[in-house]
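Novice:
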Amino acid sequence: MLCHSPFALEVPHDERARLATGWLALGLGALMGAGLFAVLLVAARAPFLKDLVPAGDFFRVALVVHVDLSVLVWFAALAGMLWSLNSRPRALGAGWLALWGAAAGAAAMVAAPFVEGGVAVMANYVPVIESRWFMTGLVLFASSWALMVLRSMSVVPPVGTQLDGAGALRFGLNASLVAAAVALGAFVWSWAALPTTLDARAYYEVLFWGGGHVLQFVWTLLMLVAWLSLAEAGGAPLPLTPRIATLFFGVALASVFATPVIYLAWDVVSPEHYRYHTALMRYGGGLAILPFVLALGIALLRSRPRAADARPLRAALAWSMVLFCAGGAIGFTISGSNVRIPAHYHGSIVGVTLALMGLVYHLLPRLGFASPAPRAAIVQVWLYGAGQLAHVAGLAWSGGYGVPRKAAGAEQALRTLPEILSMGLMGIGGLVAIAGGVAFVIIVLRAMVPAWNWSLSRS
1351 MLCHSPFALE VPHDERARLA TGWLALGLGA LMGAGLFAVL LVAARAPFLK DLVPAGDFFR
1411 VALVVHVDLS VLVWFAALAG MLWSLNSRPR ALGAGWLALW GAAAGAAAMV AAPFVEGGVA
1471 VMANYVPVIE SRWFMTGLVL FASSWALMVL RSMSVVPPVG TQLDGAGALR FGLNASLVAA
1531 AVALGAFVWS WAALPTTLDA RAYYEVLFWG GGHVLQFVWT LLMLVAWLSL AEAGGAPLPL
1591 TPRIATLFFG VALASVFATP VIYLAWDVVS PEHYRYHTAL MRYGGGLAIL PFVLALGIAL
1651 LRSRPRAADA RPLRAALAWS MVLFCAGGAI GFTISGSNVR IPAHYHGSIV GVTLALMGLV
1711 YHLLPRLGFA SPAPRAAIVQ VWLYGAGQLA HVAGLAWSGG YGVPRKAAGA EQALRTLPEI
1771 LSMGLMGIGG LVAIAGGVAF VIIVLRAMVP AWNWSLSRS
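Okay, so the sequence shown: first residue is 1351 according to this note's numbering, each after it adds one.
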């Protein structure tokens, strides 16, 4: 019988917690903005509604902002939250400067379509709008997040010689920091090596390809930390020792170190550079995930929630595993450029998002706020999880009929009944998921605002 050591995420009660709360607020703002643009995107693709929404440039500009808010800003902000908690109380001024810079950069990116025209470039991982306003915001956000990474690496706490569950989680967070540093280095390397003669689509695709792949390892490591924390808090102790969990974190990080090898061996515009980064994420990223999924599945089946507030955490964990694994499985079925590609990354991305949502629910009372209402939180998790599963299933189904990706309205050319039904399922699931996302923001704000009002009344 394994000796259980709680995988509990440590939360300091000082300026670091306030800095973490600031990053959480930025993440919530990103989700709210992404949700508004998501309504337009789902409507632009869904049968019957698509004719009411302009397609073409409108759809692509909305898609750029939605993706950057929901994937880049939301994940980066939650990473900042966790790294702020997992730090020593030093260089806090740099942490606050990074937060305010990131917030200003994100705001500029959101405002760009309304203050300055520009062409949407649908590059993978970080799509952009070719305008000075948007690019200035993106550079400011990236620079500020890089400052957060550097600050966090300089004040990272030691794991400790007596490795316990909390130490294993610290190792996982430290590993995500290393992956983030490698990702930033990959972006700079690509920028320095890129020929300036490429057209915009090719330029940004190559610029963000290598670093974008490494960022997925960052988000995955954060998800694994969230999984272990949610299992512990949800009354499902894992049949893993901290040393074994740390080993799996190390395996998840190991593939990242192949990144500079790929850059040294092949030119950034070569087919091999493109292909080996894809293979690295497809195969290297899953080496540690399967053991965690098996251990977590066993833990959930063997246990029952101890209290009402544990049920939302277990639901978030279960839905996160389902969506992430579904996205990974769909990735192996991709052939050609169709909507199976967004089905794949929507599943994986939403798996990470659900884990982080559950972790926010768990951390709120530990950050000094009210606990979220358990019943409302469970409904929110099921709405978001089930809606996203239907959304992903509809996209995967449509991909089998060759429905093109990054298209909307008449550009989709939906002709047959199965194509209409599958994209209809996508639309319904997307709308349900949007409702779940809105519910999450409302639940979290209701838990946070009374504490803010109380602190204001005392000042």
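We put the beta carbon where it would ideally sit given N, CA and C, even for glycine.
Just so we're clear, the structure is a prediction, and the values are computed from it rather than from any experiment.
Counting only C-beta atoms, is serine 1494 closer than 8 Å to chain D at any point?
Specialist: In the structure shown, chain D cannot be found, because there is only a single protein chain.
Novice: Relative to the alpha-carbon of arginine 1520, which residue among Leu1590, Ser1437, Gly1379 and Leu1447 has its alpha-carbon at the smallest distance?
Specialist: Comparing Cα positions, the closest option is Ser1437.
Novice: Among Phe1425, Gly1468, Gly1560 and Ala1454, which has the Cα closest to the Cα of alanine 1543?
Specialist: It is Gly1560.
Novice: Buried or exposed: serine 1605, going by 16 or more other Cβ atoms within 10 Å of its Cβ?
Specialist: Serine 1605 is buried by the Cβ-count criterion.
Novice: Quick check: methionine 1573 and alanine 1531, are their CB atoms within less than 8 Å of each other?
Specialist: Against a cut-off of 8 Å, the Cβ pair of alanine 1531 and methionine 1573 comes out as no contact.
Novice: Report the residue ranges of all alpha helix (DSSP H) runs contained in full by the region 1687-1732; include only those spanning at least 4 residues, in chain order.
Specialist: Listed in chain order, the complete alpha helix (DSSP H) runs (minimum 4 residues) inside the region 1687-1732 are 1690-1713.
Novice: Return helix, strand or coil for glutamate 1480, following the three-state DSSP convention.
Specialist: Strand, per DSSP.
Novice: Which term fits arginine 1892, buried or exposed, when burial requires 16 or more other beta carbons within 10 angstroms of its beta carbon?
Specialist: Nothing about residue 1892 can be read from this structure; the chain reaches only from 1351 to 1809.
Novice: Grab me the residues of histidine 1563's own chain with a C-beta within less than 6 Å of its C-beta, minus the 5 sequence neighbours each way, in chain order.
Specialist: The residues are His1627 and Met1631.
Novice: Leaving out five residues on either side along the sequence, give the residues of the same chain with a beta carbon under 6 Å from the beta carbon of alanine 1518.
Specialist: Counting only Cβ-Cβ distances below 6 Å, and skipping sequence neighbours, we find Pro1592, Ala1595 and Thr1596.
Novice: Among Ala1658, Trp1495 and Ala1426, which residue has its Cα nearest to the Cα of leucine 1378?
Specialist: Ranking the options by Cα distance to leucine 1378, first place goes to Ala1426.
Novice: Would you list the residues sitting across from valine 1575 in a DSSP beta bridge?
Specialist: Paired residue(s): none; valine 1575 is not in a bridge.
Novice: Do leucine 1446 and leucine 1381 have their C-beta atoms closer together than 8 Å?
Specialist: Sequence check: residue 1446 is tryptophan here, not leucine. It is not a contact, given that the beta carbons lie outside the stated cut-off.
Novice: Indicate whether alanine 1453 and glycine 1487 have their beta-carbon atoms separated by less than 8 Å.
Specialist: Taking 8 Å as the Cβ cut-off, alanine 1453 and glycine 1487 do not qualify as a contacting pair.
Novice: If you compare alpha carbons, which of Ala1586, Glu1365 and Leu1614 is closest to tryptophan 1539?
Specialist: Of the candidates Ala1586, Glu1365 and Leu1614, the one whose C-alpha sits nearest the C-alpha of tryptophan 1539 is Leu1614.
Novice: In the structure shown, what three-state DSSP assignment does valine 1509 receive?
Specialist: Three-state DSSP puts valine 1509 in coil, outside helix and strand.
Novice: Candidates Val1611, Val1700 and Ala1602: which alpha carbon is nearest tyrosine 1633's?
Specialist: The option with the nearest alpha carbon to tyrosine 1633 is Ala1602.
Novice: Classify phenylalanine 1719: buried if its beta carbon has 16 or more other beta carbons within 10 angstroms, exposed otherwise.
Specialist: The residue is buried, with at least 16 neighbouring Cβ atoms inside 10 Å.
Novice: For phenylalanine 1790, count neighbouring Cβ atoms within 10 angstroms of its own Cβ and tell me buried if that reaches 16, exposed if not.
Specialist: Its Cβ being crowded by 16 or more others within 10 Å, phenylalanine 1790 is buried.
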